[in-house]
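For the sequence shown, numbering that gives the first Met the number 0 begins at 0 and goes up steadily by one. Note that CB positions come from ideal geometry on N, CA and C, so glycine has one too. Values in this document were obtained by computation on a predicted structure and should not be read as measured data. These notes concern the structure reproduced below.
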Amino acid sequence: MPTSSASSRKDARQVQEAARGAYYEPKVALTVFRNMIAEEGDRIDVFRQHLLTGASVDSSGAAPQLEAARFEKIEGRDEYVEIEGEFERRGRFRTLRGDVFIDATYEGDLMAAAGVPYAVGVEARSVYGEPLAPEEGNAHVQCANFRVTLTTDAANRLPIPKPPNYDRSRYALLIDSVQAGTIETISDITHGPLRPAPNEKADFNDMHGAPVSTRICNSVDDWPEA
């Protein structure tokens with residue numbers, strides 16, 4: 000990814016602090032993506048805060064062909080106008096047509112809207128012969144994970160508010176693990192201190208095999224089709 004900024008040099012302080020680019024501040028990644036899009040000029044149009052609401056498929060040929068995807072703007076103030084007796088926001092809906100579509104959503108929303116066959120969950124080992132797959136399949140999907148950037152700079156901190164309906168007893172296992180010596184430092188339950196980022200920050204992420212996890216497993220199985 001070519002850049003002309005001084006921070007892209009191999010000997011730059013921020014490159015070294017970012018583990019040579021492996022760990023970085025989220026806002027920096029967003030800036031890089033926006034700069035890459037800007038370099039393409041009018042070749043790329045970006046529509047933010049749009050929700051996929053449907054797809055049009057041509058089934059007249061030998062194989063179904065996705066023709067268009069319909070989106071609804073979900074944020075922003077739009078003018079209300081009356082259309083054939085019904086109220087609709089001007090500019091709220093947008094239909095995109097094309098010969099090629101790439102579904103880069105987490106759950107395959109466009110794929111599902113287009114009627115493409117799919118499966119949710121984990122296949123049994125016998126389906127594809129994968130040695131690491133379970134003997135029997137299940138409906139579980141990948142765990143949801145809470146990932147956050149934290150800092151040691153007191154002047155740049157924000158308080159972490161207590162979540163609504165917080166129940167301390169749900170985390171009693173953490174106290175038991177500390178008392179038993181299984182957890183001695185925060186590095187025993189998260190990768191944060193091991194993933195430093197520039198500007199006195201760190202990328203806190205779940206640690207596989209830790210006695211206490213930042214993941215939520217088996218509670219989001221319905222999310223892909225919600």
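Which runs of the beta strand (DSSP E) spanning at least 3 residues fall entirely within the region 17-84, listed in chain order? DSSP runs (the beta strand (DSSP E)) wholly in the region 17-84: 49-57, 64-72, 79-82.
Please state whether DSSP places ILE174 in a helix, a strand or coil. Secondary structure at ILE174: helix, using DSSP grouped into helix, strand and coil.
The region 107-115 in contact with the region 49-60 per 3-pair CB rule at 8 angstroms: Contact between the region 107-115 and the region 49-60 is present, because at least three Cβ pairs lie under 8 angstroms.
GLU78 classed as buried or exposed, judged by whether at least 16 other C-beta atoms fall within 10 angstroms: Residue confidence is low: GLU78 scores 45 on pLDDT, short of 50, so the model does not pin down where it sits. Its coordinate-derived value is still stated next. GLU78 should be labelled exposed.
If I measure Cβ to Cβ from GLU81 and keep anything under 7 angstroms in the same chain, skipping five residues before and after, which residues do I get? Legend: pLDDT at GLU81 = 41, less than 50; position of this residue unreliable, no value from coordinates given.
Roughly how many angstroms separate the alpha carbons of GLN64 and GLN48, rounded to a whole number? Approximately 26 angstroms, taken between the alpha carbons.
On a CA-only basis, which of ALA153, ASN144, THR151, LEU149 is nearest VAL211? Give me that one, please. The candidate whose alpha carbon is nearest that of VAL211 is ASN144.
ASN198 to PRO160, Cα distance in whole Å? Cα-Cα distance, rounded: 23 angstroms.
Rank GLY107, PHE32, GLN13, ILE182 by C-alpha distance to the C-alpha of LEU51 and give the top, closest one. For the set GLY107, PHE32, GLN13, ILE182, the Cα lying nearest the Cα of LEU51 is the one of GLY107.
Leaving aside the five residues before and after ARG241 along the sequence, list all residues of the same chain whose C-beta is less than 6 angstroms from its C-beta, in chain order. The chain is shown only over 0 to 225; residue 241 falls outside these bounds and no answer can be derived.
Length of the line joining the Cα atoms of CYS216 and ALA18: If you draw a straight line from the Cα of CYS216 to the Cα of ALA18, it comes to about 30 angstroms.
Tell me the rounded alpha-carbon separation between ALA5 and ILE36. For ALA5, the predicted model reports a pLDDT of 47, less than 50, meaning its position is unreliable and no value from the coordinates is stated.
Let me know if GLY53 comes out buried or exposed under the rule of 16 or more other beta-carbons within 10 Å of its beta-carbon. It is exposed - the Cβ of GLY53 has fewer than 16 other Cβ atoms within 10 Å.
Mind checking who LYS282 pairs with in its DSSP beta bridge? Because the chain is modelled from 0 through 225, residue 282 falls outside the range shown and cannot be assessed.
Measure the C-alpha to C-alpha separation of THR148 and ALA62 and round it to an integer number of angstroms. Using only the alpha carbons, I get a separation of about 46 angstroms.
Alpha-carbon to alpha-carbon, ASN137 and PRO223: C-alpha of PRO223 to C-alpha of ASN137: approximately 15 angstroms in a straight line.
Reduced DSSP secondary structure (H/G/I, E/B, other) of VAL99: Correct three-state label for VAL99: coil.
Check for me: the alpha helix (DSSP H) holding LEU131 runs from which residue to which? Run containing LEU131: none; DSSP gives neither H nor E here.
Distance, Cα to Cα, ASP202 vs ALA67? About 38 angstroms.
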